[in-house]
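Have a look at the structure below, then the notes.
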Amino acid sequence: MKKLKILSLTALTVSVLVGCFPKASEVIRALPVESKEQILAQYNSEQIAEGKVLFTNNCGKCHDLKQPETRNPEQWNRIVKRMIPKAKLNDRDGQLVRAYLIVNAKEN
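Counting in this note's numbering, the sequence shown runs from 77 upward without gaps.
Dropping the structure here:
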């Protein structure tokens with residue numbers, strides 16, 4: 077009986093912890109890797125500039141910022157999907173950060 081209580085408590089704790097771990101929304105997780113040209117067709121220069129400000133102000137709070145040209149679009153796409161929830165960015169702001177980084181990323 078004691079083992080059952082411990083097992084139940086452990087399962088409940090794991091469930092709560094998994095539920096509290098930040099996850100990117102379905103919108104962000106579904107974003108494919110896009111080329112610089114595809115991003116520029118979707119976002120104007122003001123939106124790209126806003127993405128830079130969001131990147132600087134939000135991502136720089138927790139760690140040193142990497143220059144966009146240090147990663148390729150695939151790498152930034154993967155990183156941004158993981159970091160958007162940690163930075164507590166909404167989908168729109170996360171997409172703008174992602175757009176800024178991909179437009180300025182190194183070529184593959």
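From the three backbone atoms N, C-alpha and C, an ideal C-beta is built for every residue, glycine too. Model, not experiment: these values are computed from the prediction.
The beta carbons of D167 and I104 sit closer together than 8 Å. Taking a 10 Å sphere around the C-beta of P149, we find 16 or more other C-beta atoms and assign the residue as buried. By a beta-carbon distance limit of 8 Å, A175 does not contact P144. Their separation comes to about 11 Å. The alpha-carbon of K142 is positioned some 26 Å away from that of E102. Under the rule that a run must span 4 or more residues, the alpha helix (DSSP H) segments found entirely inside the stretch 133-170 read 149-162.
Rounded to whole angstroms, the separation of the alpha carbons of L165 and C135 is 10 Å. In the three-state DSSP reduction, Y176 falls in the helix class (H, G or I). In the three-state scheme derived from DSSP, where H, G and I count as helix and E and B as strand, V109 is classed as coil.
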